[in-house]
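Per this note's numbering: the sequence shown = residues 65 to 601.
Here is the structure we will look at, set down as structure tokens.
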Amino acid sequence: MTESDPANSTKAPKLRRELTLVDLTMTAIGGLVGSGWLFASMTAATIAGPAAILSWIIGGFGVIVLGLSFAELAGMLPEAGGIIRYPRYTHGRFVSYLIGWAAIISWAGIPPIEAEAVLQYSSSYIHGLYDATSGSLTGPGFLVAAILVAFFFMVNYLGVKLYARINTPLTFIKFAAPLLTIVAFLVVGFHPANFDHYGGGFIPYGWGGVFSAISLGGIIFAYTGFRPMMDLAGEAKNPQRDIPRAFIIAMIGVGILYMLLQIVFIGAVPAHALAKGWSALNYASPYANLAFALNLSWVAIILYGDAIVSPFGTGLVYAAGTPRGILAFARNGYFPKTFEKLTHRATPGSAIILSFVLGIAFLLPFPSWQKLVGVLSSATILTYMMGPVSTMVLRRTGPDLKRRYRLGRLSLWAPIGFVVGSLIFYWTGWSINRDLGLMALLGLIVYVVYFVRDAKRDWSDIKSAVWLLVYMVFMLLWSKLGTFGGTGTIPAPWDEIGVVVVSIPFFYWAVSSGRVTPSLSEAQNVADEVDQLPQNL
């Protein structure tokens, strides 16, 4: 039996609505404060120098604009794996499939990247698991990482309430370490001269470095960690009220935290370490190494402990979100029905097992944090760009759906969000976008096989997806010809101006391609179910 089977709806287990505002906020913060804070400040500084501070501001603005659209969607239609379901309601199965394919790529890679972060940071005192020379896990390290990934998914297999009981206090604990780091570095080892006197000045690598750091420096990877909270919307007690609140609270708090961390990191680097410029920085354990250099051994010890807690907590959060995405994929008809089944604990057991297998698969070609973060960032931002589009379409096709949170001036913020998303995707660079394009091509081949064999195939789904296919081809070609890892045929700043100019008509093409799909009635059923929940304001 499955939850989606109407004939058995009275007997099939359903996802339990047990998560409070605190649980949702801690889930968002738990996803946001993971390995990103441990590595992104250094990685961004090597790409942009002190101007990495600007990268955090630009990246944070872009993600907030994109996320506000999802806050309206998730509050209105709180579903497990909603990021895959929403495009189905607005554009049909093909667009939903393509976005879902990218979503599962980005989801499945998070638990292994967090496991890698734990082992990389601990390499200073646990030898033999991580090879600093090659920047990769060793054989024993791969085995330990696999065990960590297995534990992440085991907790989620045992139930969402157990997940919340572990994640909420864990988030409080791991939030304390970066706060302590900020205070200690400001008091003991802050050198204002680092911001303009050493390493080439404030913007040593130009604005290209500032923009590249957003994607390649781990900034987008860090900021987009709120998504599992949206994925768990189907298990929230009061989703219409709590989803938008949790998102805003988490993004504001964590955004301030990350900018302060970047500032103290730049200020703490010894002057002699900048002799060859910011790009030469290479700390295996960035904040801990700096703490030792500042004679803050006690801070370094705490950081080594948090280097286990922070990635562990984020891996746990994404191990909850990934199976919900696979569950949504199965409900859309792209995976076998077995992945819709829930255990007696009301968790998607088969989807959790598949998520674990995919996580292990990601460890093989990307055996380090730095190698995996770019691919995940590019795939993630692509999925987020559907938020403004779907929100605009549902305002037209589903005007009667109850919206307790309604994004003001959507006609302004939605295209801005889409344009910013396009820029972030472009800034990731040709080599990474090429790899993502190959993954998308594989997914397209799978869909074509599925579509040809489907006796009930709907050609209107293909028509509604033409804009996305053309958009992807354009972005890949533009990336190849641009200055971010491409041939440079289109020089700066005209490459970025071109992305902005062309993204605007693509956005309106995407919105006009939306329609009243056969699945829209399912959205109404979800909204009706939410409307019956007690609304405790």
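Every residue gets a Cβ at the ideal spot worked out from N, C-alpha and C, and that includes glycine.
Per-residue DSSP class, three states only, for residue i
| i | result |
| --- | --- |
| residue 87 | helix |
| residue 75 | Annotation note: pLDDT 46 at residue 75 (below 50); position unreliable, no value reported. |
| residue 238 | helix |
| residue 583 | coil |
| residue 578 | coil |
| residue 588 | helix |
| residue 544 | helix |
| residue 333 | coil |
| residue 359 | coil |
| residue 254 | coil |
| residue 68 | Per-residue confidence for residue 68 stands at a pLDDT of 41, beneath the threshold of 50, marking its modelled position as unreliable; the derived number appears in the next sentence. Residue state, collapsed to three classes: coil. |
| residue 407 | coil |
| residue 398 | coil |
| residue 469 | coil |
| residue 346 | coil |
| residue 180 | helix |
| residue 601 | Confidence at residue 601 is low in this model, with a pLDDT of 44, below 50, so its placement is unreliable and the value that follows should be read with caution. Reduced to three states, the DSSP call for residue 601 is coil. |
| residue 522 | coil |
| residue 492 | coil |
| residue 463 | coil |
| residue 273 | helix |
| residue 98 | coil |
| residue 527 | helix |
| residue 448 | helix |
Beta-carbon gap between residue i and residue j smaller than 8 Å
| i | j | result |
| --- | --- | --- |
| residue 146 | residue 138 | yes |
| residue 112 | residue 274 | yes |
| residue 480 | residue 315 | no |
| residue 456 | residue 169 | no |
| residue 496 | residue 439 | yes |
| residue 342 | residue 110 | yes |
| residue 531 | residue 574 | yes |
| residue 204 | residue 222 | no |
| residue 317 | residue 108 | no |
| residue 94 | residue 377 | yes |
| residue 393 | residue 148 | yes |
| residue 201 | residue 180 | yes |
| residue 209 | residue 427 | yes |
| residue 474 | residue 459 | yes |
| residue 554 | residue 444 | no |
| residue 238 | residue 374 | yes |
| residue 506 | residue 173 | no |
| residue 155 | residue 577 | yes |
| residue 120 | residue 242 | no |
| residue 397 | residue 157 | yes |
| residue 469 | residue 304 | yes |
| residue 245 | residue 448 | no |
| residue 182 | residue 313 | no |
| residue 471 | residue 133 | yes |
| residue 50 | residue 465 | Absent from the structure is residue 50, since the part of the chain shown begins at 65 and ends at 601. |
| residue 171 | residue 402 | no |
Inter-residue CB distance, residue i and residue j (contact presumed, cutoff 8 Å)
| i | j | result |
| --- | --- | --- |
| residue 103 | residue 416 | At roughly 27 Å, the Cβ-Cβ gap does not stay under 8 Å, so residue 103 and residue 416 are not in contact. |
| residue 379 | residue 175 | 4 Å |
| residue 106 | residue 350 | 4 Å |
| residue 607 | residue 345 | Since the first and last residues shown for the chain are 65 and 601, residue 607 lies out of range. |
| residue 442 | residue 279 | 7 Å |
| residue 420 | residue 167 | At roughly 17 Å, the Cβ-Cβ gap does not stay under 8 Å, so residue 420 and residue 167 are not in contact. |
| residue 196 | residue 348 | 5 Å |
Candidates the options: closest to residue i by CA position
| i | options | result |
| --- | --- | --- |
| residue 310 | 533, 96 and 538 | 96 |
| residue 299 | 245, 516, 133 and 143 | 143 |
| residue 583 | 152, 115, 91 and 291 | 152 |
| residue 559 | 291, 571 and 544 | 544 |
| residue 321 | 204, 515, 286 and 339 | 286 |
| residue 254 | 269, 324 and 547 | 324 |
| residue 235 | 507, 536, 382 and 91 | 91 |
| residue 579 | 525, 569, 553 and 312 | 525 |
| residue 269 | 180, 118, 213 and 509 | 118 |
| residue 572 | 522, 453 and 490 | 453 |
| residue 511 | 161, 406, 267 and 114 | 161 |
| residue 482 | 470, 450 and 548 | 450 |
| residue 327 | 547, 115, 488 and 551 | 115 |
| residue 547 | 260, 494, 536 and 329 | 494 |
| residue 411 | 296, 549, 492 and 467 | 296 |
| residue 467 | 171, 484, 141 and 89 | 141 |
Residues sharing a beta bridge with residue i, DSSP
| i | result |
| --- | --- |
| residue 200 | 195 |
| residue 300 | 83 |
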